[in-house]
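Below is one structure, written out as structure tokens, with a few remarks after it.
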Amino acid sequence: NCGDRASEYGRNLIPRGDFTNVQMGVARDRYWKAQNARLSIRTARDGTGVLELSPLAAHKSFHLMSASYLRDIYATRFTFKARVKLPFDAEVELLTRDKPPEGSPPARSVLGESVATRQLRGSGDWQDVRFDFWLPPAESPRLPPGPEGAAHPFRPILRIQYIGKRLGDDEIARISDIALIEWPPEDIQDDRGIRWWWTHARPLPGRALARN
Numbered sequence: 515n516c517g518d519r520a521s522e523y524g525r526n527l528i529p530r531g532d533f534t535n536v537q538m539g540v541a542r543d544r545y546w547k548a549q550n551a552r553l554s555i556r557t558a559r560d561g562t563g564v565l566e567l568s569p570l571a572a573h574k575s576f577h578l579m580s581a582s583y584l585r586d587i588y589a590t591r592f593t594f595k596a597r598v599k600l601p602f603d604a605e606v607e608l609l610t611r612d613k614p615p616e617g618s619p620p621a622r623s624v625l626g627e628s629v630a631t632r633q634l635r636g637s638g639d640w641q642d643v644r645f646d647f648w649l650p651p652a653e654s655p656r657l658p659p660g661p662e663g664a665a666h667p668f669r670p671i672l673r674i675q676y677i678g679k680r681l682g683d684d685e686i687a688r689i690s691d692i693a694l695i696e697w698p699p700e701d702i703q704d705d706r707g708i709r710w711w712w713t714h715a716r717p718l719p720g721r722a723l724a725r726n
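To convert, take the position in the sequence shown, counting from 1, and add 514; that gives our numbering.
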């Protein structure tokens, strides 16, 4: 593991999840799309940004998802994490949706397999939300990119459902610092030719705490 056997290393699959400098002139980030909500990205003068979801109906679930499927996958173990600021108590659920075979009939883009649901309090402060999960290996032969034994291409879907009373007049859910980290097998982590991939480290179970 890059010479540090106390740690394992992961790669963030989501570009610009901190929404820093994602709007350049008339161009803007097209990585994300929303359902039952308006999506906008606010950028401060210092370049820091936040994704805002304005629900079309605050009593209904609304969703944030990647616009395309993640294909360049080398793992079956993953961590999804983000910071959120919510005006209501809310359920926050992570789902995953496998890329359907070519020629499949259209289906609702928010349908997927539930990973887990978190209950979060409405607050004017940022809160961390995290999901650790596993996906089964894709059927063989697996189409590249990605090796045999890696998960099937998929997209992450975040579902938010407001519950309880809101804090004020604001209905906007704010999200920043989104990351989806894959944790490949040890033989891939040992490949010195791709050491530059690794964006995250965490201690292996029962080993000494690694430096973040």
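Positions of the beta carbon are idealized from the N, C-alpha and C atoms, including for glycine.
query: Close Cβ partners of T590 (< 8 Å) along its chain, the five nearest in sequence each way excluded; result: W648, L649, P650, P651, G663, A664 and A665
query: Cβ neighbours of D691 in the same chain (closer than 8 Å, five flanking residues each side left out); result: G531, D532, K595, A596 and R597
query: L584 versus V643, F668, N526 and V606, residue with shortest Cα-Cα distance; result: F668
query: Simplified DSSP assignment, three categories, for W648; result: strand
query: Delimiting residues of the alpha helix (DSSP H) encompassing E700; result: E700 to Q703
query: Secondary structure of R674, DSSP reduced to three states; result: The sequence shown places Ile at residue 674, rather than the Arg named in the question. Note: I674 maps to strand in three-state DSSP.
query: W712 to A548 span [Cα, whole Å]; result: 29 Å
query: Sequence-distant residues of the same chain with beta carbon closer than 7 Å to I528, five excluded per side; result: I692, A693 and L694
query: Straight-line gap, A571 to N550 (C-alpha atoms, nearest Å); result: 7 Å
query: Runs of alpha helix (DSSP H) wholly within the region 591-623 (minimum 4 residues, chain order); result: none
query: Distance CB(R673)-CB(E607) smaller than 8 Å; result: yes
query: Contact belief for P670 with Y588 at Cβ below 8 Å, rounded distance in angstroms; result: In fact, because the Cβ distance is near 16 Å, the residues do not count as touching under 8 Å.
query: Extent of the continuous beta strand (DSSP E) to which Y523 belongs; result: S521 to N526
query: Close-in-space but distant-in-sequence residues of the same chain around L609 (CB under 7 Å, 5 per side omitted); result: G626, E627, S628, V629, I671 and R673
query: Assigned secondary structure, G638 (DSSP; H/G/I helix, E/B strand, else coil); result: coil
query: Inter-residue spacing [alpha-carbon to alpha-carbon] between A541 and L657; result: Model confidence at A541 stands at a pLDDT of 44, short of 50, so the residue's coordinates are unreliable and nothing is read from them.
query: Cβ neighbours of R706 in the same chain (closer than 7 Å, five flanking residues each side left out); result: none
query: Nearest-angstrom beta carbon gap, G636 and D603 [assumed within contact, 8 Å]; result: 5 Å
query: DSSP three-state assignment for I708, whether helix, strand or coil; result: helix
query: P717 - DSSP class collapsed to helix/strand/coil; result: strand
query: Exposure of G539, with buried meaning 16 or more beta-carbon neighbours within 10 Å; result: Unreliable placement is indicated for G539, whose pLDDT of 46 sits below 50; the coordinate value is still reported in the next sentence. Its Cβ having fewer than 16 others within 10 Å, G539 is exposed.
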